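Take a look at the structure below.
Protein chains: 4
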Amino acid sequence: MTDDAADSDETDVAADDEDTNPVAEIAERASNDPFCETVGIDLASVHPGYAETMLTVEERHLNFHGTPHGGAVYALADAAFAAASNTGSKTAVALETNISYFAAVDVGETLRAVAEETHLGGRTAAYDVRVTDETGDPVATFRGRVYRFDD
Amino acid sequence: MTDDAADSDETDVAADDEDTNPVAEIAERASNDPFCETVGIDLASVHPGYAETMLTVEERHLNFHGTPHGGAVYALADAAFAAASNTGSKTAVALETNISYFAAVDVGETLRAVAEETHLGGRTAAYDVRVTDETGDPVATFRGRVYRFDD
Amino acid sequence: MTDDAADSDETDVAADDEDTNPVAEIAERASNDPFCETVGIDLASVHPGYAETMLTVEERHLNFHGTPHGGAVYALADAAFAAASNTGSKTAVALETNISYFAAVDVGETLRAVAEETHLGGRTAAYDVRVTDETGDPVATFRGRVYRFDD
Amino acid sequence: MTDDAADSDETDVAADDEDTNPVAEIAERASNDPFCETVGIDLASVHPGYAETMLTVEERHLNFHGTPHGGAVYALADAAFAAASNTGSKTAVALETNISYFAAVDVGETLRAVAEETHLGGRTAAYDVRVTDETGDPVATFRGRVYRFDD
Numbered sequence: 316m317t318d319d320a321a322d323s324d325e326t327d328v329a330a331d332d333e334d335t336n337p338v339a340e341i342a343e344r345a346s347n348d349p350f351c352e353t354v355g356i357d358l359a360s361v362h363p364g365y366a367e368t369m370l371t372v373e374e375r376h377l378n379f380h381g382t383p384h385g386g387a388v389y390a391l392a393d394a395a396f397a398a399a400s401n402t403g404s405k406t407a408v409a410l411e412t413n414i415s416y417f418a419a420v421d422v423g424e425t426l427r428a429v430a431e432e433t434h435l436g437g438r439t440a441a442y443d444v445r446v447t448d449e450t451g452d453p454v455a456t457f458r459g460r461v462y463r464f465d466d
Numbered sequence: 316m317t318d319d320a321a322d323s324d325e326t327d328v329a330a331d332d333e334d335t336n337p338v339a340e341i342a343e344r345a346s347n348d349p350f351c352e353t354v355g356i357d358l359a360s361v362h363p364g365y366a367e368t369m370l371t372v373e374e375r376h377l378n379f380h381g382t383p384h385g386g387a388v389y390a391l392a393d394a395a396f397a398a399a400s401n402t403g404s405k406t407a408v409a410l411e412t413n414i415s416y417f418a419a420v421d422v423g424e425t426l427r428a429v430a431e432e433t434h435l436g437g438r439t440a441a442y443d444v445r446v447t448d449e450t451g452d453p454v455a456t457f458r459g460r461v462y463r464f465d466d
Numbered sequence: 316m317t318d319d320a321a322d323s324d325e326t327d328v329a330a331d332d333e334d335t336n337p338v339a340e341i342a343e344r345a346s347n348d349p350f351c352e353t354v355g356i357d358l359a360s361v362h363p364g365y366a367e368t369m370l371t372v373e374e375r376h377l378n379f380h381g382t383p384h385g386g387a388v389y390a391l392a393d394a395a396f397a398a399a400s401n402t403g404s405k406t407a408v409a410l411e412t413n414i415s416y417f418a419a420v421d422v423g424e425t426l427r428a429v430a431e432e433t434h435l436g437g438r439t440a441a442y443d444v445r446v447t448d449e450t451g452d453p454v455a456t457f458r459g460r461v462y463r464f465d466d
Numbered sequence: 316m317t318d319d320a321a322d323s324d325e326t327d328v329a330a331d332d333e334d335t336n337p338v339a340e341i342a343e344r345a346s347n348d349p350f351c352e353t354v355g356i357d358l359a360s361v362h363p364g365y366a367e368t369m370l371t372v373e374e375r376h377l378n379f380h381g382t383p384h385g386g387a388v389y390a391l392a393d394a395a396f397a398a399a400s401n402t403g404s405k406t407a408v409a410l411e412t413n414i415s416y417f418a419a420v421d422v423g424e425t426l427r428a429v430a431e432e433t434h435l436g437g438r439t440a441a442y443d444v445r446v447t448d449e450t451g452d453p454v455a456t457f458r459g460r461v462y463r464f465d466d
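Residue numbers (my numbering), protein chains in the order written: chain A, 316 to 466; chain B, 316 to 466; chain C, 316 to 466; chain D, 316 to 466.
And the structure:
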């Protein structure tokens, strides 16, 4: 994830006016997320109530069993959830999340997380996130609930 | 987390025979967990069905709101859960986890996660993890369920 | 839910040989589930890895706020999850579930829960359940993980 | 659960002025919860941020495996959560809950759920609920998050 990710070909942002559009603004901010940069998570796509993130698994993402650490898979899903939930006019912060782990992948494989809005209320919203491997097989399923602040 | 963490003063391991004791063995392996090293998570204590981990929050752990990323807090809790659940004779892998976020902390603060076994069955086990700040105030609560393999 | 529900028009079972087909067998057993009978939950459809249940909300399903009790909505989702997860050759029991509540409905409304398999492993499996009102609007989202025994 | 449960010996309410005390008020309202009455759940104790509920398992609470239905165990935990979270001055409604199932019990056994507040924020609060059997062994662990409305 680089400073210009929001303008790159890989980031498919459904907006062209960065100054005023909340989707473009969150795409730029999420593309510069410090922890995503630490882990190596890239923001691939942002639309209203929707986001995709990617992570190519390296040795440094493994746990002591030699498989991708739950924290790395979770962070990938959480980053998609955070971006998707902040595409509106309110600031969204996570209240509760949960994740089911299904399968491990090898080093070198690129994981993709897709977050979709399932509920948008006045004060809270909910998102389903699916993490898949390169063949589209499920790796994990995540759900998150945010609280939405007026700015 | 360094290679000699299992022998350091900070790691309080309830065993002194590294070759045969599963607690000592998991302490050494978990102290060398690659993703924990990437994030900066230290293993502070391991006992049967129990583990503590620590993370000092840096700028690189923040999200785009400027608060600790959920993925960093989760990874801290998950690391305690992973260590605690692998102190027995079976290999434990995460099936399901969930986390509730309560409060954010500032850069420089050290978070602590304490994992305790709440259920040990033949094939699965469950752990509660509490993440607190330096004053002991709750930051997050996590619960995880593992599947346990015969080696 | 009556003894002959498995043969009724409302129960859409993808099988016609009750003696040997696990889907037909589970349809009959789930149609006679005592707690579903207590609550008033009907099994509407069972296919491999899939089930639908229905509940018409009555006064007796309300909580002290005057809205459908979480336990009633959960039981509806859980019943679909239980039926869907037992359509295979193994006996499935719940390890972990979670539910997000989105909206309340009025007395007289019929809720529908649809459970779909998202993962089928050797020892565990996972299901997403969506609870909707009569117009198809989301009421709750549920996810469950089962352990699967050899009989 | 009967209309006079709030005044019975079994209901240990930390208040003696029912007209103005929110704990006494919620004890009375929760003791008359229609769904709890349907299922047979009794409110045993209510204090600020704390509640206990009980359920004696009958044949009508079983699932098609012949063990207590997840929906019955969940409803017991959820009822304790609902009472505990409404002991303050705000109306609390469930956003998210999750439950881990550990063990089944036999018909005739009385289950007890104890809900304790783990976080009280301005708009949300969190509760841990432990369900145990008559010997105090864990049957399930539940966690719930509420949204709190100003009345």
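Each residue gets a CB set at the ideal place from its N, CA and C atoms; glycine is no exception.
For clarity, every value in this text was computed on a predicted model and none was experimentally measured.
A/GLU340 versus B/HIS384: straight-line alpha-carbon distance, rounded: Answer to the nearest angstrom: the Cα atoms are 19 Å apart.
Identity of the residue in A/SER415, A/ALA387, A/GLU432 nearest A/GLU374 by Cα: A/ALA387
Whether A/ASN413 touches B/ASN378 by CB criterion (8 Å): no
First through last residue of the beta strand (DSSP E) which encompasses C/ALA418: Here C/ALA418 belongs to no beta strand (DSSP E), and DSSP marks it neither H nor E.
Contact set between B/LEU410 and chain C, taken where Cβ atoms lie within less than 8 Å: LEU410, GLU411, THR439, ARG460
Spatial neighbours of A/ASN401 in its chain, beta-carbon cut-off 6 Å, leaving aside the 5 residues before and after: ILE341, ALA407
C-alpha gap between B/ALA359 and A/ALA455, whole angstroms: 29 Å
Three-state secondary structure assigned by DSSP to D/GLY489: Because chain D here runs from 316 to 466, residue 489 of chain D falls outside it and cannot be looked at.
Test item: CB-CB of B/PHE457 and B/PHE396 under 8 Å: yes
Nearest-angstrom Cα separation, counted from A/VAL420 out to A/THR450: 11 Å
Cβ shell of A/ASP322 (< 6 Å), same chain only, five flanking positions each side left out: Residue confidence for A/ASP322 is low, a pLDDT of 34 falling below 50, so the modelled location carries little weight and cannot support an answer.
DSSP-derived helix/strand/coil call for A/ASP393: helix
Exposure label - D/ASP393; buried when at least 16 CB within 10 Å: buried
Own chain partners of D/ALA366 with C-beta closer than 6 Å, once the 5 adjacent residues on each side are dropped: ALA395, ALA398, ALA399, ALA430
Proximity of C/THR368 and C/ALA441 at Cβ, strictly below 8 Å: Going by C-beta atoms, C/THR368 is not nearer than 8 Å to C/ALA441.
Residues near B/LEU391 by beta carbon distance below 7 Å, same chain, minus five either side: ILE356, THR368, LEU370, LEU426, ALA428, VAL446
Sequence-distant residues of the same chain with beta carbon closer than 8 Å to A/THR439, five excluded per side: LEU410, ARG460, VAL461, TYR462, ARG463
Which listed residue (B/ASP448, B/HIS376, B/LYS405, B/GLU343) has its alpha carbon closest to that of B/GLY437: B/LYS405
Any C-beta of chain A under 8 Å from that of C/PHE417: yes
Inter-residue spacing [alpha-carbon to alpha-carbon] between C/VAL354 and C/SER415: 20 Å
is_contact[C/THR353, chain D] using C-beta, thresh 8 Å: yes
Whether C/THR433 touches C/ASP443 by CB criterion (8 Å): yes
Straight-line gap, B/ASP324 to B/LEU435 (C-alpha atoms, nearest Å): With a pLDDT of 39 at B/ASP324, under the threshold of 50, the modelled position of this residue cannot be trusted, and the question is left open.
Rounded straight-line distance, which links the Cα of C/ARG344 to that of C/PRO287: Since the displayed chain C opens at 316 and closes at 466, residue 287 of chain C lies outside it and no answer follows.
D/VAL338 - containing alpha helix (DSSP H), residue span: Secondary structure note for D/VAL338: its alpha helix (DSSP H) is the uninterrupted segment 337-346.
C-beta contact flag for C/PRO337 and C/GLY403 at 8 Å: For the pair C/PRO337 and C/GLY403, the CB atoms are nearer than the 8 Å cut-off.
CB contact below 8 Å: A/THR425 versus chain C: no
Extent of the continuous beta strand (DSSP E) run through D/GLU432: 425-435
Pairwise C-alpha distance: D/ASP348 and C/GLU333: Any reading at C/GLU333 needs caution, since the residue's pLDDT is 45, under 50, leaving its predicted position unreliable; the model's value is listed next. Distance between the alpha carbons of C/GLU333 and D/ASP348: 40 Å.
Residues near C/TYR389 in its chain [Cβ-Cβ closer than 6 Å; skip 5 each side]: Excluding sequence neighbours, C/TYR389 sits near ILE414.
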